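Asks: Got a structure for you, written out below as structure tokens; questions coming shortly.
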Amino acid sequence: MEGRGRVVLLKRYNGAILNRIAAVIVVILGLFVLAFFVRRVMADPGIFIQQILNGIQLGFLYALIALGYTMVYGIIKLINFAHGDVFMVGAMTSFFAISTMELHRWPFQLWPGINSTLGTLLGTTTVIAFSMAICSFLGVTMERFAYRPLRAMPRIAALITAIGVSFFLEYFGALPFVYTNNYITYPRPFELTVLTAKDIPPWLLGLVGGVFAITLTTYSALNGLSNRGNTKAVLWRNHPIIQFFLYLGGLLTIILGMVVVLPTWGIIKWDLTVSNVMLVIMSASVLLVVALQYIVTRTKTGKAMRASAYDKPTSRLMGINVDNVIAVTFAIAGALAGAGGVLYATAFKQVHHLMGILPGLKAFIAAVLGGIGSIPGALVGSLIMGMAEVLSAGFISTPMRDAVAFSLLIIILLIRPQGIFGEAPTEKV
Amino acid sequence: MVRRLKSPAIFFFGGSLFIFALIQFLIETGKLNPYWQTILFWGAAMTMVSLGLNLIYGFNGQFSLGQYGFYALGAYTSADITWRWVRGDPSALVVVIGGAILAVLLMWGVASFLKRFYGVSVLTEFVFHSLATLIGFAVALKVLYPYLGSPIYALIQSLPEPVSKQIVFFLALVGGAAVAGIVSFLFGIPVLTLGSDYFGIATLGFTIIVKVLADNSDTILPFPEMKGARGMVGIPKLTTWPWVFATLMFVIVFMRNLLHSSVGRAIVSVREDERAASLMGIDVARTKILAFVVGSIFAGIAGGIRAHDLAFVHPTMFGFLPSFNPLIIVVFGGLGSMTGTIVTSFFWVFLLEGVLRLVLPTGFENWRYVIYPLVLLLLMLLRPQGLFGRYEIPFLRQTYPPVRKTAEVRG
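Keeping their order, the protein sequence lines are chains Z and G.
Residue numbering for the first sequence follows my numbering, beginning at 1 and increasing consecutively.
Residue numbering for the second sequence follows my numbering, beginning at 1 and increasing consecutively.
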């Protein structure tokens with residue numbers, strides 16, 4: 001770089017051939033890893049599909065956190081490191097709601113003769129709603145007292161504050177009179193039952209499949225109408241109710257169908273099982289994601305959110321109260337994280353004051369993977385993340401599951417820095 | 001020579017020597033007990049790590065959270081070298097030092113080979129440099145060690161005991177720094193092309209990968225002596241105050257001279273505006289890698305110092321939560337202020353580990369990390385540019401020619 005008094009003119013050749021050689025080396029390495037993976041899978045293919053089911057469950061849990069990350073980052077460009085701790089607070093809140101307040105038992109105390117399924121459902125919903133309320137309050141408080149005063153300052157100030165808030169929540173939680181720093185066994189709001197092919201009644205499968213078939217027919221009819229220019233059909237086609245039944249019905253039909261059909265199929269013994277916790281997680285996540293999509297795309301608040309994310313000063317000129325919009329974003333993000341916390345604790349049956357760190361980070365990575373700022377991106381990224389983690393834990397190396405997750409991030413960032421659904425950033429000169 | 005040593009330099013070196021002599025005197029007379037010695041050495045190690053981060057983030061503008069990964073690499077590498085050496089096994093020393101020399105030579109060859117081509121992609125650069133590194137270390141393991149292992153061991157052991165110990169410690173520090181530097185170079189080639197936040201997350205991922213590898217070093221990696229998550233014990237306690245002082249002074253003076261050179265001005269110009277810098281003829285990618293590698297080497301040296309002071313290395317020392325410490329120190333002291341970083345690092349370790357642990361009543365240590373984020377928050381509200389802003393002591397201060405006022409250009 002530095003001139004040494006003489007100028008050497010190098011004859012330079014086209015580097016395309018080197019690029020090709022490097023690409024071939026990378027592909028060969030990738031094939032080696034794939035071959036290793038396939039060999040491990042072929043040793044026990046029954047576990048493979050089971051692991052995919054577990055991956056979907058984990059992916060939906062990550063999605064609930066990732067959505068909060070992606071919304072907050074989309075609107076104020078802040079990596080909210082404390083978001084994972086909001087998730088932890090959600091889990092802890094539900095722990096206290098269940099163990100000391102017995103909130104999940106209230107329908108049984110109020111109406112002693114109530115049907116047990118209905119009562120459990122009501123109780124669990126109450127616990128989740130309670131945690132969501134506490135967490136959205138926490139999110140708004142955090143925004144009001146920690147991030148809002150710093151909005152005019154450089155971004156690093158807000159980032160350091162986010163780290164500070166994260167430390168505060170973690171170590172305040174570790175105090176002996178708050179949550180203590182022990183691992184606590186989490187009492188589930190409902191009993192875990194493992195469903196095998198025999199336990200799934202045909203009517204349930206029929207019901208789920210029927211709902212899916214009806215929604216799919218409706219959807220395709222509306223799609224056909226809207227392709228002919230019917231504007232009402234376009235609105236109805238993307239209606240949240242239709243979306244909810246379409247996605248949930250499709251997912252449950254495939255999963256329950258696999259559980260029922262696969263064990264009797266072929267010579268390999270599959271032995272698939274699905275737990276009720278998994279079904280609850282999927283239903284709750286799909287419901288929340290569809291609700292979020294509804295809020296963001298179909299309400300005035302959502303419109304204001306998108307406008308503020310796009311251009312804050314102009315939104316202000318258009319009469320949008322940007323501060324309120326940001327507070328609402330934090331509230332929604334907190335609520336989703338709270339629900340995620342309850343479901344995560346229900347699935348893994350353990351709570352701890354540092355439990356939010358790794359799921360939080362992985363969810364953030366999932367959001368980056370899907371394209372930060374995009375809601376479907378966060379969902380898809382989370383599913384990929386959960387799947388990659390579970391599969392690498394199952395077939396490559398269990399202790400390396402976290403490392404695999406982060407390696408995936410680095411690889412994806414190199415191939416497509418804006419993420420799967422993200423838009424390429426426009427550079428301002 | 002005398003004319004070039006201006007009064008700030010004389011004051012700086014004189015003051016440093018005075019501090020060195022004072023603390024050496026206190027240690028010799030036993031006034032400074034081992035606990036406070038550890039705190040002091042830890043402060044010095046933290047200073048080196050944070051100065052490295054300040055070079056990467058404060059001066060070059062690359063938001064990095066990976067400093068503790070390189071700290072861990074340096075600590076584990078140098079600890080492994082001396083651990084094996086005192087048990088009569090020179091393999092780690094020969095492989096690391098020989099491999100590093102070979103790898104650097106090969107990478108230099110690769111770089112000058114790639115210079116003859118245009119349109120070489122980042123992936124290609126990364127793949128070829130990685131291959132060079134792998135070949136270098138493989139040759140060191142398969143060729144150098146079988147032939148040179150025992151002669152080098154005999155040669156160093158033939159020296160008197162205290163001298164050979166210091167030589168091995170020096171080589172261990174160099175080895176730790178070299179491994180940190182090589183890994184940061186390879187990691188930096190692809191990852192430094194990412195934008196600011198993405199680079200931060202990728203480096204955070206690197207820290208976590210290193211921590212996971214350290215946790216499983218005895219099962220996944222072939223290093224049973226590192227004992228994985230149980231922590232590596234039996235490292236010889238070689239860190240002394242002269243070593244700490246020498247490495248710290250080396251890091252400070254090296255960084256100061258680097259920043260005051262034309263390369264240093266290129267580093268700062270990349271922070272100010274990448275596009276403008278590249279229009280002025282600065283190779284932005286190369287400057288970023290240079291700052292990143294030098295910063296990581298500092299962290300590697302600090303790791304060696306810390307490991308040989310504690311005589312114990314544990315993966316949780318390099319976990320997720322402590323990995324924010326250098327960032328917080330650098331922001332506290334002021335981004336782009338060496339003085340601020342040096343003062344804050346010592347202050348931070350003294351306060352959190354020394355004063356708050358000893359002076360306050362028991363049971364208070366739980367509250368340390370509750371109050372500390374609140375202080376952080378207050379600082380961010382009241383003084384977001386850090387305690388020192390961009391203040392430097394005269395020796396570290398750079399004097400630029402006066403800026404001529406021109407018409408203001410708004411972008």
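Cβ atoms here follow ideal geometry from the backbone N, Cα and C, with glycine treated the same way.
Source: prediction; values computed, not measured.
DSSP three-state label for Phe109/Z, please.
Replies: In the sequence as presented, Phe is not what sits at residue 109/Z; that position holds Gln. It is helical.
Asks: Whole angstroms are fine: how far does the CA of Val127/G sit from the CA of Ala22/Z?
Replies: Their backbone Cα atoms lie some 6 Å apart in a straight line.
Asks: What would DSSP say about Phe312/G, mapped onto helix, strand or coil?
Replies: In the three-state reduction of the DSSP assignment, Phe312/G falls in the strand class, which pools E and B.
Asks: Could you tell me whether the segment 333-345 of chain Z touches the segment 280-293 of chain Z, where touching means 3 or more Cβ pairs closer than 8 Å?
Replies: yes
Asks: Which one of Asn19/Z, Lys362/Z, Ile65/Z has the shortest CA to CA distance from Thr124/G?
Replies: Asn19/Z
Asks: Considering only C-alpha positions, which residue in the set Leu110/Z, Phe406/Z, Tyr186/Z is nearest to Leu204/G?
Replies: Phe406/Z
Asks: Shortest alpha-carbon distance to Phe347/G belongs to which of Phe11/G, Pro34/G, Leu40/G, Ala21/G?
Replies: Selected option, being the one with the closest Cα: Leu40/G.
Asks: For Ala133/Z, which residues of its own chain have a beta-carbon under 8 Å away from its beta-carbon, when the five flanking residues on both sides are left out?
Replies: Ala335, Gly338
Asks: In chain Z, which residues lie with their C-beta within 7 Å of the C-beta of Asp197/G?
Replies: Ile79
Asks: Shorter than 8 Å from the beta carbon of Ser121/G to some beta carbon of chain Z?
Replies: yes
Asks: Looking only at C-alpha atoms, which of Leu195/Z, Arg151/Z, Ser392/Z, Arg401/Z sits nearest to Leu213/G?
Replies: Arg401/Z
Asks: Would you say Asn33/G faces chain Z, with C-beta separation under 8 Å as the test?
Replies: Not closer than 8 Å to any Cβ of chain Z, the Cβ of Asn33/G fails to qualify, so no.
Asks: Using a C-beta to C-beta distance shorter than 9 Å, which residues of chain Z count as neighbours of Asp89/G?
Replies: For Asp89/G, no chain Z residue has a Cβ inside 9 Å of its Cβ, as the nearest lies near 27 Å away.
Asks: Return the Cβ separation of His308/G and Phe113/G in integer angstroms, given the expectation that the two are a contact with Cβ distance under 8 Å.
Replies: No, His308/G and Phe113/G are not in contact; Cβ-Cβ is about 38 Å, not under 8 Å.
Asks: Taking the alpha helix (DSSP H) that Tyr294/Z belongs to, which residues open and close that run?
Replies: 276-298 is the span of the alpha helix (DSSP H), which, as asked, contains Tyr294/Z.
Asks: Would Ala180/G pass as a contact of Gly300/G if the rule is Cβ separation under 8 Å?
Replies: yes
Asks: Report the rounded CA-to-CA distance for Asn230/Z versus Asp44/Z, giving the unit in angstroms.
Replies: 51 Å
Asks: Using the beta-carbon count (16 or more within 10 Å), is Leu222/Z buried or exposed?
Replies: buried
Asks: From Ile47/Z to Thr196/Z, what distance separates their C-alpha atoms?
Replies: 14 Å
Asks: Measure how close the beta-carbons of Asp80/G and Phe223/G come, nearest whole angstrom, since I'm counting them as under 8 Å.
Replies: 7 Å
Asks: Using a Cβ cut-off of 7 Å, which residues of the segment 123-147 of chain G contact any Cβ in chain Z, in chain order?
Replies: Leu123, Thr124, Val127, Phe128
Asks: Whole angstroms is fine: what's the gap from Ile371/G's alpha carbon to Leu358/G's?
Replies: 16 Å
Asks: Can you tell me which residues form a DSSP beta bridge with Ile411/Z?
Replies: DSSP output for Ile411/Z lists no bridge partner at all.
Asks: Report the neighbours of Tyr62/Z on chain G: residues whose CB is nearer than 7 Å to its CB, in chain order.
Replies: Residues of chain G passing the Cβ test: none, with the nearest at roughly 15 Å.
Asks: So Phe320/G packs on Asp197/G, CB below 8 Å; how close in whole Å?
Replies: A Cβ-Cβ separation of about 17 Å leaves Phe320/G out of contact with Asp197/G under the 8 Å criterion.
Asks: Any chance the segment 250-268 of chain G sits against the segment 29-38 of chain G, with 3 or more Cβ pairs inside 8 Å?
Replies: no
Asks: Closest to Glu161/G by C-alpha separation, out of Ser150/G, Leu194/G, Ile97/G, Val86/G, would be which residue?
Replies: Val86/G
Asks: Let me know the secondary structure DSSP gives Phe406/Z once reduced to three states.
Replies: helix
Asks: Does Gly371/Z have its Cβ less than 8 Å from a Cβ in chain G?
Replies: no
Asks: Looking at C-alpha atoms only, which residue of Ser184/G, Ile220/G, Ser91/G, Leu186/G is the closest neighbour of Leu171/G?
Replies: Ser91/G
Asks: Use the C-beta contact count for Val24/Z: other C-beta atoms within 10 angstroms, 16 or more gives buried, fewer gives exposed.
Replies: Sixteen is the threshold: since fewer than 16 other Cβ atoms of the shown chains lie within 10 Å of the Cβ of Val24/Z, the residue is exposed.
Asks: Would you say Asn60/G faces chain A, with C-beta separation under 8 Å as the test?
Replies: No chain A appears in this structure, whose protein chains are Z and G.
Asks: For Gln62/G, which residues does DSSP report across the bridge?
Replies: For Gln62/G, which the question treats as bridged, DSSP gives no partner whatsoever.
Asks: Determine the direct distance from the alpha carbon of Gly43/G to that of Ser345/G, and round the result to whole angstroms.
Replies: 6 Å
Asks: Comparing C-alpha positions only, which one of Thr93/Z, Arg148/Z, Ala393/Z sits nearest to Ala162/Z?
Replies: Taking only the C-alpha atoms, the option nearest Ala162/Z is Arg148/Z.
Asks: What does Arg12/Z reach in chain G if we use C-beta pairs closer than 7 Å?
Replies: Arg116, Phe117, Tyr118
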